[in-house]
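For the sequence shown, our numbering assigns the number 227 to the initial residue and increments by one for each residue that follows.
What follows is a single structure, written as structure tokens, with notes after it.
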Amino acid sequence: MKKLLFATTAAAGIIASGFGAQADASEYTNQNTNYNYTTTQTAQPTQTTESTGTSNTSEVYKEFIAAGGTKALWDNIVMPESSGNPNAVNELGYRGLGQTKEAWGTGSVAEQTKGMINYAKERYGSVEAAIEFRQANNWW
227 MKKLLFATTA AAGIIASGFG AQADASEYTN QNTNYNYTTT QTAQPTQTTE
277 STGTSNTSEV YKEFIAAGGT KALWDNIVMP ESSGNPNAVN ELGYRGLGQT
327 KEAWGTGSVA EQTKGMINYA KERYGSVEAA IEFRQANNWW
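Structure representation (structure tokens):
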């Protein structure tokens with residue numbers, strides 16, 4: 227009975243640790259010791275979208291620029307965060323062009339753009355500083 231309980235617990239732990247994760251594993255051998263190692267790299271969270279009439283990316287980009295956004299903000303924050311989809315929602319609940327849980331993550335492209343700019347200035351001091359932070363940390 228103890229063996230069955232242990233095997234069940236071990237199997238559950240293995241399943242739970244791998245559940246929902248995407249990994250890219252590579253194996254190599256250390257030539258001096260003949261040990262085999264496996265390295266695993268966990269993928270970034272996948273992003274899902276809600277279908278609420280998403281415009282194509284070029285139209286969203288035009289609206290983003292018209293609302294005061296910049297090409298640098300689009301290329302360095304919007305595209306890596308949401309792929310230019312104003313209705314993007316990831317599995318953690320972050321949404322919109324800038325992937326946030328703040329109210330500005332929903333609404334029109336203009337509202338989201340203005341929210342992103344205000345957020346960048348309030349949190350980082352400027353849009354440029356927000357971009358630098360995003361590039362260094364892969365989040366903002």
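Where is the CB? At the ideal position from N, CA and C, for every residue including glycine.
Just so we're clear, the structure is a prediction, and the values are computed from it rather than from any experiment.
8 Å is my cut-off, CB to CB: does Ile-303 come that close to chain D?
The chain labelled as chain D is not found in the depicted structure, where only one protein chain is given.
Alpha carbons only, please: which of Asn-316, Trp-330, Glu-348, Ser-308 is nearest the one belonging to Asn-282?
Here residue 282 refers to the residue found at position 56 when the sequence shown is read from its first residue. It is Ser-308.
Is Gln-361 helix, strand or coil by DSSP?
Position 135 of the sequence shown, counting from 1, holds the residue named residue 361. Note: Gln-361 maps to helix in three-state DSSP.
Would you mind giving the Cβ-Cβ distance between Gly-333 and Gly-324, rounded to the nearest angstrom? I have them listed as a contact below 8 Å.
In the sequence shown, residue 333 corresponds to position 107, counting from 1. In the sequence shown, residue 324 corresponds to position 98, counting from 1. Not confirmed; about 12 Å, so no contact.
Could you give the DSSP three-state label for Ala-314: helix, strand or coil?
Taking the sequence shown and counting its residues from 1, one reaches residue 314 at position 88. Strand, per DSSP.
Using a Cβ-Cβ cutoff of less than 8 Å, which residues in the same chain neighbour Val-339 once the five nearest sequence positions on both sides are dropped?
Looking up residue 339 in the sequence shown gives position 113. A small correction: the amino acid at residue 339 is Thr; Val does not occupy that position in the sequence shown. Excluding positions up to five away in sequence, the list reads Glu-289, Phe-290, Ala-293, Gly-294, Gly-295, Leu-323.
Quick one, are the C-beta atoms of Glu-328 and Gly-310 less than 8 Å apart?
Within the sequence shown, numbered from 1, the residue matching residue 328 stands at position 102. Within the sequence shown, numbered from 1, the residue matching residue 310 stands at position 84. No.
On the three-state DSSP scale, how would you describe Thr-296?
By 1-based counting over the sequence shown, the position of residue 296 is 70. The answer is coil: DSSP assigns Thr-296 none of H, G, I, E or B.
Within 10 Å of its beta-carbon, does Ala-298 have 16 or more other beta-carbons around it, so buried, or fewer, so exposed?
Position 72 of the sequence shown, counted from the first residue, corresponds to residue 298. Exposed, because fewer than 16 other Cβ atoms sit within 10 Å of the Cβ of Ala-298.
Please report the straight-line C-alpha distance between Thr-255 and Asn-302, rounded to a whole angstrom.
In the sequence shown, counting from the first residue as 1, residue 255 sits at position 29. In the sequence shown, counting from the first residue as 1, residue 302 sits at position 76. At Thr-255 the pLDDT is 38, less than 50, meaning the model places this residue with poor confidence; the figure from the coordinates comes in the next sentence. Computed Cα separation, rounded: 38 Å.
Ordered along the chain, which non-local residues of its own chain (more than five positions away) have a Cβ less than 7 Å from that of Asn-364?
The count along the sequence shown starts at 1 and reaches residue 364 at position 138. Counting only Cβ-Cβ distances below 7 Å, and skipping sequence neighbours, we find nothing.
Rounded to the nearest angstrom, how far is the Cβ of Val-335 from that of Ile-343, given a contact under 8 Å?
Within the sequence shown, residue 335 is the residue found at index 109, counting from 1. Within the sequence shown, residue 343 is the residue found at index 117, counting from 1. In fact, because the Cβ distance is near 13 Å, the residues do not count as touching under 8 Å.
Within 10 angstroms of its Cβ, does Ala-346 collect 16 or more other Cβ (buried), or is it exposed?
Against the sequence shown, residue 346 aligns to sequence position 120. Buried, because 16 or more other Cβ atoms sit within 10 Å of the Cβ of Ala-346.
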